[in-house]
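Below is one structure, written out as structure tokens, with a few remarks after it.
In the working numbering, the protein residues as written are 49 to 608.
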């Protein structure tokens with residue numbers, strides 16, 4: 049509670065009425081510029097406004113007429129100021145053009161895309177004691193997540209397969225239930241392929257049982273190439289297909305011996321994930337040939353680190369593509385000395401990054417480190433709400449929310465002398481994003497009157513910043529608007545961007561509290577490359593990333 053008002057030693061409830069939102073001065077000035085002497089904006093003038101201010105080069109008179117039909121006064125042939133303001137602040141004017149849909153080239157290899165990736169996708173809460181369930185898997189798929197991770201272990205009777213976080217108190221869920229849920233919901237949000245990454249702790253006989261389950265569950269949906277891939281297929285060619293990715297099976301006794309040694313090491317580091325990549329390198333030994341052939345046949349994308357160190361892990365094989373997994377700490381260490389090798393590797397192969405094991409609360413890490421080095425699968429705990437996950441949500445709202453976002457060309461090409469992109473380079477400014485935050489509205493509809501302050505309206509302020517390459521990272525803050533459900537900040541910020549292709553605009557609104565922690569009041573994250581110029585109504589989301597019904601910001605975006 050930020051404020052308390054006293055009267056003769058007793059609290060009293062302050063009486064206040066809700067004012068209607070009023071158009072900011074800049075909006076009034078623009079309206080005057082495009083309206084006639086009677087204060088009406090005609091369809092022709094509105095058309096000019098859409099082209100000149102909103103930068104909608106393809107806007108038609110019909111588009112302008114639709115706006116007038118939806119918001120205009122039937123007595124007039126155009127818009128008066130209040131109707132014009134309401135049209136700008138309405139749901140039909142979002143910052144990302146809904147007409148864009150899926151607009152990236154989807155015919156390139158999978159390695160050319162950022163892919164919406166989950167970590168321990170079956171967990172309902174923390175990493176140590178929460179339940180394992182199909183519910184978070186279904187929720188992830190419905191949000192557009194395209195990579196689902198399952199840790200598979202023998203059940204207590206050693207005759208079936210469970211999904212759980214090994215060596216923890218997490219309650220298991222049957223693998224077959226997870227597979228059936230994936231099949232049912234895989235393409236509810238996107239037609240593009242779903243990858244199931246398996247962290248395998250099974251004996252050969254149970255691997256054979258997994259192969260049977262996968263085959264029976266997915267049937268023709270399963271993409272299982274007859275030989276090791278030399279190049280990854282495209283998302284377009286894999287529409288409505290499911291792919292399995294894990295390490296190829298080894299002879300059990302050898303595998304068990306190596307795994308026991310690795311498990312001891314991982315437990316000591318509190319890093320109990322990713323058994324999949326810590327086996328010996330794949331070879332042509334007789335023991336491997338005797339391994340579970342059907343299980344191996346179903347693996348579309350082979351995973352593995354090999355025997356050597358980082359240099360060997362990042363080796364590019366022209367005859368075979370694969371997936372490599374690194375922990376967030378391994379990535380942070382690797383980018384200091386092998387940053388360019390990582391980018392070269394990700395131009396052809398897949399790189400998956402996963403949270404360090406001590407994140408038992410299911411928190412997440414900064415995804416930009418992986419993204420700016422070309423990592424396609426930046427694996428997140430989808431229940432780990434906070435700044436990092438909001439960045440993830442913002443990234444994958446791009447490209448129609450299909451779960452695949454084309455990587456910038458600068459990460460996909462090699463220049464002279466085989467040089468590749470270096471995100472720490474001080475590049476010249478390519479463009480400047482100018483952001484005007486006019487005002488906000490809708491909290492009185494989505495929140496109880498006493499939610500923020502019992503005795504007075506809230507004191508809202510906004511944080512506005514950019515996440516991206518180090519040179520583009522910046523944070524700003526507005527003034528605090530005291531006692532107002534409809535804050536009118538009317539402030540401008542300029543963000544010089546050297547690599548706008550990797551920039552995300554972050555916005556967070558809080559209620560200021562003098563004696564306590566400032567209270568969360570909404571957030572959003574927008575991919576700069578997808579932003580529409582002009583005056584836009586920006587919806588805000590809650591901590592979990594669910595859109596509020598009414599809360600919006602009125603903002604203007606300009607590229608200088």
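Beta carbons: idealized from backbone N, C-alpha and C, even for Gly.
| query | Does DSSP put residue 150 in a helix, in a strand, or in coil? | reply | Translated into the one-based positions of the chain shown, residue 150 becomes position 102. Correct three-state label for residue 150: coil.
| request: For residue 317, I'd like the list of residues in its chain whose CB is within less than 7 Å of its CB, leaving aside the five on either flank, ordered along the chain. | output: Translated into the one-based positions of the chain shown, residue 317 becomes position 269. Residue confidence is low: residue 317 scores 43 on pLDDT, short of 50, so the model does not pin down where it sits. Its coordinate-derived value is still stated next. Taken in chain order, the residues that qualify are 405.
Open item on the list: One question on the structure: do residue 175 and residue 369 come within less than 8 Å of each other, judged by their Cβ atoms?
Closed with: Here residue 175 refers to the residue found at position 127 when the chain shown is read from its first residue. Here residue 369 refers to the residue found at position 321 when the chain shown is read from its first residue. In this structure, residue 369 does not lie closer than 8 Å to residue 175 by Cβ.
### Cα-Cα separation, residue 226 to residue 106
For the purposes of this step, residue 226 is taken as residue 178 along the chain shown, with counting starting at 1. For the purposes of this step, residue 106 is taken as residue 58 along the chain shown, with counting starting at 1. Cα-Cα distance, rounded: 46 Å.
Host beta strand (DSSP E) of residue 425 (start-end): Looking up residue 425 in the chain shown gives position 377. It spans 425 to 428 - the beta strand (DSSP E) in which residue 425 sits, taken as one unbroken run.
Rounded C-alpha distance that separates residue 572 from residue 119 = The residue given as residue 572 occupies position 524 in the chain shown. The residue given as residue 119 occupies position 71 in the chain shown. Distance between the alpha carbons of residue 572 and residue 119 is about 26 Å.
Discussion item. I'd like the list of long-range same chain contacts for residue 89, defined as Cβ closer than 8 Å, with 5 residues on each side in sequence excluded.
Written reply: Here residue 89 corresponds to residue number 41 of the chain shown, with the count starting at 1. Correct list, in chain order: 79, 82, 83, 97, 126, 127, 128, 132.
Please list the terminal residues of the continuous beta strand (DSSP E) segment that includes residue 515.
Here the question's residue 515 lines up with position 467 in the chain shown. Element bounds for residue 515: 508 to 515.
Worksheet entry | Run of the alpha helix (DSSP H) containing residue 223, from where it starts to where it stops | The residue labelled residue 223 in the question sits at position 175 within the chain shown. Unbroken alpha helix (DSSP H) run through residue 223: 223 to 233.
Exercise. Between residue 209 and residue 200, is the Cβ-Cβ spacing less than 8 Å?
Worked result: Here residue 209 corresponds to residue number 161 of the chain shown, with the count starting at 1. Here residue 200 corresponds to residue number 152 of the chain shown, with the count starting at 1. For residue 209 and residue 200, yes; Cβs fall inside 8 Å.
Note to self: Between which two residues does the alpha helix (DSSP H) holding residue 258 run?
What the structure shows: Taking the first residue of the chain shown as 1, we reach residue 258 at position 210. Note, residue 258: alpha helix (DSSP H), 252 to 266.
The region 383 to 390 contacting the region 520 to 532, beta-carbon criterion three pairs below 8 Å
no
Practice task
Report the rounded CA-to-CA distance for residue 438 versus residue 257, giving the unit in angstroms.
Solution key: As a working note, residue 438 is residue 390 in the chain shown. As a working note, residue 257 is residue 209 in the chain shown. If you take the alpha carbons of residue 438 and residue 257, they lie about 38 Å apart.
For this session: Give me the Cβ distance between residue 585 and residue 117, rounded to the nearest whole Å; I'm assuming they're in contact under 8 Å.
Result: Position 537 of the chain shown holds residue 585. Position 69 of the chain shown holds residue 117. 18 Å between Cβ atoms; not a contact.
_Nearest residue (CA-CA) to residue 500, options 461, 108, 567, 121_ = Residue numbering aside, residue 500 sits at position 452 when the chain shown is read from its first letter. With distances taken between Cα atoms, residue 500 lies closest to 567.
| task | Decide if the region 536 to 549 is in contact with the region 479 to 493; the criterion is three or more beta carbon pairs, one per stretch, under 8 Å apart. | result | yes
**Request:** Return helix, strand or coil for residue 96, following the three-state DSSP convention.
**Result:** On the chain shown, position 48 is the one that residue 96 refers to. Three-state result, residue 96: helix.
> By Cβ distance, which residues of its chain are closer than 8 Å to residue 518, with the 5 residues on each side in sequence left out?
Replying inline: In the chain shown, counting from the first residue as 1, residue 518 sits at position 470. Here the set comprises 471, 472.
| request: Would you tell me roughly how many angstroms separate the C-alpha atoms of residue 85 and residue 463, rounded to the nearest one? | output: As a working mapping, residue 85 is identified with position 37 in the chain shown. As a working mapping, residue 463 is identified with position 415 in the chain shown. The alpha-carbon atoms of residue 85 and residue 463 are separated by roughly 58 Å.
ask   = Roughly how many whole angstroms lie between the Cα atoms of residue 559 and residue 76?
value = Looking up residue 559 in the chain shown gives position 511. Looking up residue 76 in the chain shown gives position 28. Whole-angstrom Cα-Cα distance: 28 Å.
Handout entry: Cβ distance (whole Å) where residue 576 is taken to contact residue 510 below 8 Å
Key = Counted from its first residue, the chain shown places residue 576 at position 528. Counted from its first residue, the chain shown places residue 510 at position 462. Actually they do not touch by this definition, with Cβ atoms about 17 Å apart.
- In the DSSP assignment, what residue or residues form a beta bridge with residue 450? On the chain shown, position 402 is the one that residue 450 refers to. None; residue 450 has no bridge partner.
Return the CA-CA distance between residue 379 and residue 372, expressed in angstroms with no decimal places.
Residue mapping note: residue 379 aligns to position 331 of the chain shown, counting from 1. Residue mapping note: residue 372 aligns to position 324 of the chain shown, counting from 1. Rounded to the nearest angstrom, the two C-alpha atoms are 11 Å apart.
Q.
Tell me the rounded alpha-carbon separation between residue 359 and residue 152.
A. Here residue 359 refers to the residue found at position 311 when the chain shown is read from its first residue. Here residue 152 refers to the residue found at position 104 when the chain shown is read from its first residue. The alpha-carbon atoms of residue 359 and residue 152 are separated by roughly 33 Å.
Q.
Using the Cβ count rule (16 or more neighbours within 10 Å means buried), how would you classify residue 121?
A. Stepping through the chain shown from its first residue, residue 121 is reached at position 73. Looking at its Cβ environment, which holds fewer than 16 other Cβ atoms inside 10 Å, residue 121 is exposed.
* Going by beta carbon distance, what residues of the same chain come within less than 8 Å of residue 436, once the five residues before and after it are set aside? -> The residue you call residue 436 lines up with position 388 of the chain shown. Closer than 8 Å at the Cβ level, and outside the excluded window around residue 436, lie 411, 412, 413, 414, 415, 428.
Given that a residue counts as buried once 16 or more other Cβ atoms are within 10 Å of its Cβ, and exposed if not, what is residue 447? Start at 1 with the first residue of the chain shown, and residue 447 comes out as number 399. The residue is buried, with at least 16 neighbouring Cβ atoms inside 10 Å.
Coarse secondary structure for residue 561, derived from DSSP in three states: On the chain shown, residue 561 is found 513 positions in, with the first residue counted as 1. Residue 561: coil per DSSP, three-state reduction.
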